[in-house]
Structures are given as structure tokens and as C-alpha cells.
Amino acid sequence: MRIVLVGPPGAGKGTQAQFITSNLAIANISTGDLFRANVSQGTPLGIEAKKYMDSGDLVPDEVTIKMVRERLAEDDARDGFLLDGFPRNVPQAEVLGAMLDELGTRLHAVLELVVDDDEVVRRLAGRRTCRTCGTVWHVDFDPPTRDGVCDRCGGELFQRDDDREETVRHRLEVYNDQTAPLIAYYADLGLLIGIDATGPVEDVTERAIAALRPLNHDWS
Ligand code: AMP
Numbered sequence: 018m019r020i021v022l023v024g025p026p027g028a029g030k031g032t033q034a035q036f037i038t039s040n041l042a043i044a045n046i047s048t049g050d051l052f053r054a055n056v057s058q059g060t061p062l063g064i065e066a067k068k069y070m071d072s073g074d075l076v077p078d079e080v081t082i083k084m085v086r087e088r089l090a091e092d093d094a095r096d097g098f099l100l101d102g103f104p105r106n107v108p109q110a111e112v113l114g115a116m117l118d119e120l121g122t123r124l125h126a127v128l129e130l131v132v133d134d135d136e137v138v139r140r141l142a143g144r145r146t147c148r149t150c151g152t153v154w155h156v157d158f159d160p161p162t163r164d165g166v167c168d169r170c171g172g173e174l175f176q177r178d179d180d181r182e183e184t185v186r187h188r189l190e191v192y193n194d195q196t197a198p199l200i201a202y203y204a205d206l207g208l209l210i211g212i213d214a215t216g217p218v219e220d221v222t223e224r225a226i227a228a229l230r231p232l233n234h235d236w237s
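Quick note on the working numbering: the sequence shown kicks off at 18 and runs consecutively.
1) Looking only at its own chain, which residues have a Cβ that is under 6 Å from the Cβ of S237, when we skip the five neighbours before and after it?
2) Taking A126 as part of the beta strand (DSSP E), name the residues at either end of that continuous run.
3) Identify which residue in P198, V107 and F175 has its Cα closest to the Cα of V153.
4) Is Y203 near the ligand AMP, in the sense that its beta carbon is under 7 Å from a heavy atom of that ligand?
5) Measuring straight from C-alpha to C-alpha, what distance separates P25 and A42?
6) With a CB to CB cut of under 6 Å and the five nearest residues on each side skipped, what residues in its chain are close to D134?
7) V80 and A66: beta carbons closer than 8 Å?
8) Taking only the alpha-carbon atoms, compute the straight-line gap between G165 and D178 and give it to the nearest angstrom.
9) When the Cβ atoms of the stretch 43-60 are set against those of the stretch 92-106, are three or more pairs found closer than 8 Å?
10) Identify every run of the beta strand (DSSP E) within the stretch 41-128, keeping only runs that are complete inside it and at least 3 residues long; order them along the chain.
11) Measuring CB to CB, does V131 end up less than 8 Å from I210?
12) I need the DSSP call for F175, collapsed to helix, strand or coil.
13) Mapping the DSSP letters down to three states, classify G31 as helix, strand or coil.
14) Can M18 and G97 be called in contact, C-beta distance under 8 Å?
15) Determine which residues share a DSSP beta bridge with L22 and list them.
16) Quick one: what's I210 bridged to in DSSP?
17) When every heavy atom of the ligand AMP is checked, does at least one fall within less than 7 Å of the C-beta of D134?
18) Sorted by chain position, which residues of the same chain lie with C-beta nearer than 7 Å to G172's C-beta, five sequence neighbours on each side aside?
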């Protein structure tokens, strides 16, 4: 099965992607994670991408598309995948359609996680990440016992540059300008399935699986 996951930053795409892909036994491909891995390894791609990521802008299409093309050519993507964070605009969606045509295949569904803007800002601007072990806390929903200190390893907590409130608002603007048009694009193609992404994580996963399972035919 080949799925695209869309939704604003902070909708919980990364978390849901993990559960959905393990449930459906398909590859989990996140362009944000691929970029972050390149940033932490200091590759030329990472150095280029970081400039855009830190300000909440999209990395240029040609850089992103090349990276996705290479990732989709890997073995584990052959039998199905979920794309988290790609496509992010209509031109990327058109290129994805052409890539799948070349491979003689197609998308089966585009799952939209629906969350409103205020909830997104609350979720992301309160997020704190441990510098040492990477655990993510939340000042309201999952606070550490001591402010600024990781309960798991005692490391220092910090706010990711792209989680600062002004950057979150900018990422939302970018989403509404560039990514939201994808919703209409995929609705026209008859591929769009929207689910409510508020409430407990397990409930959202259940809604996602319930929406995708009926498509459990013709996954070639
Ligand atoms: P994410 O973790 O999906 O929110 O992605 C983090 C950042 O990576 C985004 O704010 C963009 O700067 C960049 N990024 C991820 N996916 C794409 C994409 N498909 N096109 C352009 N930039 C992207």
C-alpha cells in the first residue's frame, strides 16, 4: 500500500506514521527525518537544508525531490510506503505522480490529520527536547519534574529553533499557503481521507487504521 500523510506541523504525523507503518508493515519515509539525519551528519545536503529548516521554510524542490527519488529506489520501499512530509506542495505532488507512473504504480490514499492552528501552536511551542538523549517533553502535557532538566538522563532541555512560537506561526503560514492546496488536489483525484487528529494518540491511530483498512484490496 502506498500512502501520503498530510497535516500541519504538530498534527502528530511522525507519531502516527510509526504506528500506521508498523500496523500495515510498510516503509516509513519522513523527509523531515531524512533532512535531520543529514544535518546531524553534516553532509552537504544537510548544510544546505538547515538554512531553510531553522527558519521554517521549505527546502528547495530540486533538493528534496532528488532525496525522495533516491529513497524510493531502496528495497524496502518496493512493497509499499507511507510518505510523511512529502509532497509539501502541488509541484512536488505532480513529480511524485510521475515517479510512481514510471515505476508502474500509484498512490492508494492520502490521509489528512486535521488539527486547528491554535492547537498546533500550543503543541509545538511547548515542546522541549533533551540535548543529551533526545527525549521530547511538553511544558503542559508532559512536563519534566524539574524545569529545564530531563527526567530520563538529567540532560539539559532546550527548545528546537523550529519550535519557537514565531517560527511555528511561520511554519503554519507556509503550510496554509503551500501545503494546504494539496488537500484539494488529492480530493479531486479521489484519494483524500481526512481524520480528526485531536485526542489521545491511540484514538487517532485507531481512526487512521479504520479509514485505511477498507482499502485493503488491490495494493499492488
Ligand atoms: P517536518 O519534520 O516534516 O516538519 O520537516 C522539517 C523541515 O524539513 C520542514 O520545516 C522543511 O524545512 C523541511 N522539509 C521536510 N519535508 C520537506 C518537503 N517535502 N519539501 C521541502 N522541505 C521539507
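Glycine included, every Cβ here is placed at the ideal spot set by N, Cα and C.
For this structure:
1) For the purposes of this step, residue 237 is identified with residue 220 of the sequence shown, where counting begins at 1. The pLDDT assigned to S237 is 47, lower than 50, so where the model puts this residue is not dependable, and the model offers no usable value.
2) Numbered from 1 along the sequence shown, position 109 holds the residue referred to as residue 126. Unbroken beta strand (DSSP E) run through A126: A126 to V131.
3) Position 136 of the sequence shown, counting from 1, holds the residue named residue 153. Nearest C-alpha to V153: F175.
4) What you label residue 203 is simply residue 186 of the sequence shown in a count that begins at 1. It does not: the Cβ of Y203 is nowhere closer than 7 Å to a heavy atom of the ligand AMP.
5) Taking the sequence shown and counting its residues from 1, the one referred to as residue 25 is at position 8. Taking the sequence shown and counting its residues from 1, the one referred to as residue 42 is at position 25. Taking the straight line joining both Cα atoms gives about 25 Å.
6) Here residue 134 refers to the residue found at position 117 when the sequence shown is read from its first residue. Excluding positions up to five away in sequence, the list reads L189.
7) Your numbering for residue 80 matches position 63 in the sequence shown. Your numbering for residue 66 matches position 49 in the sequence shown. It is a contact, given that the beta carbons lie within the stated cut-off.
8) Stepping through the sequence shown from its first residue, residue 165 is reached at position 148. Stepping through the sequence shown from its first residue, residue 178 is reached at position 161. Rounded to the nearest angstrom, the two C-alpha atoms are 16 Å apart.
9) yes
10) 44-47 and 98-101
11) As a position in the sequence shown, residue 131 is number 114, starting the count at 1. As a position in the sequence shown, residue 210 is number 193, starting the count at 1. No, these two residues do not count as a Cβ contact at 8 Å.
12) Counting from 1 along the sequence shown, the entry for residue 175 is found at position 158. Strand at F175.
13) Reading the sequence shown from its first residue, position 14 is the one you call residue 31. In the structure shown, G31 sits in a helix (DSSP, three-state: H, G or I).
14) Taking the sequence shown and counting its residues from 1, one reaches residue 18 at position 1. Taking the sequence shown and counting its residues from 1, one reaches residue 97 at position 80. Result yes, Cβ atoms of M18 and G97 sit closer than 8 Å.
15) One-based indexing of the sequence shown puts residue 22 at position 5. For L22, which the question treats as bridged, DSSP gives the partners D101 and L128.
16) What you label residue 210 is simply residue 193 of the sequence shown in a count that begins at 1. Answer is L128.
17) For the purposes of this step, residue 134 is taken as residue 117 along the sequence shown, with counting starting at 1. False, no ligand heavy atom lies under 7 Å from that Cβ.
18) Mapped onto the sequence shown, residue 172 falls at position 155. Result list for G172: C147, R148, T149 and C150, in chain order.
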